[in-house]
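Chemist:
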Amino acid sequence: MNEEEVVRRERLQALRQNGINPYPAKVTRTHSVKEYMGLFEEIEKQGSVVYLTGRVRTIRVHGGLTFSHIEDGSGQIQLVLKKDHLGEDNYKTFKDTVDMGDFLEVSGRPFVTQKGEHSLAVDNYQIIAKSLLPLPEKWHGLTDQEIRYRQRYLDLVSNESVRNIFKVRSAVLTALRNFLNGHGYMEVETPVLQAIPGGAAARPFITHHNVLGADLYLRIAPELYLKRLLVGGFERVYEVARCFRNEGIDHAHNPEFTQIEGYAAYMDYQELMSLMEEMVVVAIKAAGKDPACLTFKGQELNFSTPWPRLTFRDAVLKHSGIDIENFPDVDSLSVAMKEKNLEVDPKAGYGTLLDNLYKQTARPAIIQPVYVYDYPVAVSPLVKRKDNDPRYIEMFQMVYGGGEENIKAFSELNDPLDQEARFAEQAAARASGDEEAQFSDPDYVTAMKHGMPPNAGFGIGIDRLVAMLTDSPNLKEVILFPTLRPEPPTDQE
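In the numbering used here, the protein residues as written are 94 to 586.
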């Protein structure tokens, strides 16, 4: 216990000895700070008494006059406390027991200081939550990055810019929901605990259900359950989905993340490209930004629609010199990549190898927003093949900012026999050591055999989208409580 906490505990004890409860159950509040400031002149004319609540951010004592600021979720207001108005005992109690960081309920009337600051002349006050530890120093806030992420509550109370990031996140999510609802999508919920973790190429987290005596997985994607709903008769569905992938942690990846994933019957990926462009522009505007001039990582990005389009094959050829059509299997592609001094995973299947080639060459070179589309069929086993060239699938991604990716979308596969064959290919890849190959899901194939309408689906990473909209180069900045390495035990533990 540090010295500051000792002093505050003593003040807490003194309050209780004087019969004052610094943690009352009932609090009176007639206005938020923002509402009070907006109605200031009207309240002043009426001579009304208002009740405000908030956290003490400053205290300045000048003899029998004290200035203080309290802050609630809407803003900050100056309090003016006068000894001859409050009474000597009440005024002394304020000076002796109120600390910065405490929460107060105050009542009083509008007051304009000699400097013209709209304030509240305090008639009465009570402590409604006593803080035993101080807040970070006001003028410099909390700057230690590790502490900022581990003690996000201090980061939020200290740094208004951080609070604004999460206000943007909330506004963007609301705008995306409204957009999808307005286009006939229905929001649904699907299982987080899954017997088979399908819908993406990723390593899952595994857990155990004691009563069932069965291992379960945290979902890596909601895809296969959402598409089961298309079989069931819902034509447009989406989910704001918390997903989990047991993989590396870096500036662009967190094991726990949020995405919006949705599917629409009777739509193809070309139609979906236009819809997604429109939806991203809606999100940009919801964040208060200009789609034509968005700053991210020191670069000015232009999201004015329509965005340019580039096939996967052309993107890789342009930036690596490798034409993937000349290297149709693992062995030949591995040789070609090694000749270009590119990294080759000896355990990777053909689809993973193609993906690695793209990520090492084409993706980092893309700055302005581009749709990369028509991926090789081996890259994703759940996507419909192109009618005029079955080696490729109707898939696209939005790529921008030197290799950032968001929006992964497809014309979805609805041929159960093709799906069954692709699951078999993925099973073979897993058996050969590719831990990111997808699991087979027999029940999903059964659902498809009952008839699945043609459809198109998308996934948008909310963390990455908000990072772009707030110019945050690290995803930890836009996740309230990011996954961190456990702290080492202290001597007391």
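Glycine is no exception: its CB is placed at the ideal position from the N, C-alpha and C atoms.
Going by alpha carbons, who is nearest to residue 417 out of 454, 400, 279?
Modeler: 454
Chemist: Take residue 102 and list the residues in its own chain whose beta-carbon comes closer than 7 Å to its own, dropping the five residues that flank it on each side.
Modeler: 225
Chemist: Cutting at 6 Å between CB atoms, please list the residues of its own chain near residue 522, excluding the five before and the five after it.
Modeler: 442, 530
Chemist: Tell me the rounded alpha-carbon separation between residue 232 and residue 151.
Modeler: Confidence is the limiting factor: at residue 232 the pLDDT is only 49, short of 50, which leaves the residue's position unreliable and the question unanswerable from this model.
Chemist: In this structure, does DSSP put residue 258 in helix, strand or coil?
Modeler: helix
Chemist: I need the DSSP call for residue 232, collapsed to helix, strand or coil.
Modeler: Unreliable positioning characterises residue 232 in this predicted model, as indicated by a pLDDT of 49, which lies under 50. The coordinate reading is nonetheless provided below. Correct three-state label for residue 232: coil.
Chemist: Tell me where the alpha helix (DSSP H) around residue 375 begins and ends.
Modeler: 362-379
Chemist: Are there three or more Cβ pairs, one per stretch, closer than 8 Å when the stretch 562-578 is compared with the stretch 510-524?
Modeler: Taking 8 Å as the limit for Cβ pairs, the verdict is that the stretch 510-524 does not touch the stretch 562-578.
Chemist: Just verifying my parser: in three-state terms, what is the DSSP assignment at residue 152?
Modeler: In the structure shown, residue 152 sits in a strand (DSSP, three-state: E or B).
Chemist: I'd like the span of the alpha helix (DSSP H) that includes residue 489, first residue to last.
Modeler: From DSSP, residue 489 is part of no alpha helix (DSSP H) but of the beta strand (DSSP E) over 482-493.
Chemist: Looking at chain C, is there any beta carbon in it that lies within less than 8 Å of the beta carbon of residue 215?
Modeler: Any reference to chain C falls outside this structure, which holds one protein chain only.
Chemist: Considering only the alpha carbon of each residue, which of 247, 215, 369, 105 lies closest to residue 499?
Modeler: Selected option, being the one with the closest Cα: 369.
Chemist: Considering residue 519, what are the terminal residues of the alpha helix (DSSP H) in which it resides?
Modeler: Taken as a continuous stretch (DSSP letters only), the alpha helix (DSSP H) holding residue 519 covers 509-524.
Chemist: Assign residue 107 to one of three DSSP states: helix, strand, or coil.
Modeler: helix
Chemist: Which one of 357, 492, 452, 449 has the shortest CA to CA distance from residue 545?
Modeler: 357
Chemist: Give me the Cα-Cα distance between residue 180 and residue 201, rounded to the nearest whole angstrom.
Modeler: 14 Å
Chemist: Contact defined as beta carbons within less than 8 Å: I believe residue 385 pairs with residue 367. What is the distance between those atoms, to the nearest angstrom?
Modeler: Not a contact, Cβ separation roughly 18 Å.
Chemist: Give a yes or no on contact between the stretch 119-130 and the stretch 246-261, applying the rule of three or more CB pairs nearer than 8 Å.
Modeler: In this structure the stretch 119-130 does not lie against the stretch 246-261, because fewer than three pairs of beta carbons, one per stretch, are closer than 8 Å.
Chemist: Anyone know if the C-beta pair for residue 197 and residue 163 falls short of 8 Å?
Modeler: Between residue 197 and residue 163, the C-beta gap is smaller than 8 Å, which places the two residues in contact.
Chemist: Of all the beta strand (DSSP E) runs that stay within the bounds of the stretch 522-560, which reach a length of 3 or more residues?
Modeler: 548-554
Chemist: For residue 492, count neighbouring Cβ atoms within 10 angstroms of its own Cβ and tell me buried if that reaches 16, exposed if not.
Modeler: buried
Chemist: Quick check on residue 579: does DSSP put it in helix, strand or coil?
Modeler: coil
Chemist: If you measure between the beta carbons of residue 353 and residue 555, is that distance less than 8 Å?
Modeler: Contact: yes.
Chemist: Cβ of residue 174 within 8 Å of Cβ of residue 161?
Modeler: Yes.
Chemist: Could you spell out where the alpha helix (DSSP H) holding residue 225 opens and where it closes?
Modeler: The continuous stretches of alpha helix (DSSP H) do not include residue 225, and DSSP gives it neither H nor E.
Chemist: Buried or exposed: which applies to residue 316, given that a residue is buried once 16 or more other Cβ atoms fall within 10 Å of its Cβ?
Modeler: buried
Chemist: Please state the DSSP three-state secondary structure of residue 356.
Modeler: Residue 356: strand per DSSP, three-state reduction.
Chemist: Does the distance from the CB of residue 394 to the CB of residue 403 come in under 8 Å?
Modeler: no
Chemist: For residue 274, which three-state DSSP category applies?
Modeler: helix
Chemist: Measure from the alpha carbon of residue 72 to the alpha carbon of each residue in 325, 273, 440, then state which is nearest.
Modeler: With the chain represented from 94 up to 586, any question about residue 72 goes unanswered, as that position is not in the structure.
Chemist: From what residue to what residue does the alpha helix (DSSP H) around residue 248 run?
Modeler: 245-251
Chemist: So, at 7 Å on beta carbons, what are the nonlocal neighbours of residue 539 in its own chain, with the 5 sequence-adjacent residues on each side left out?
Modeler: none
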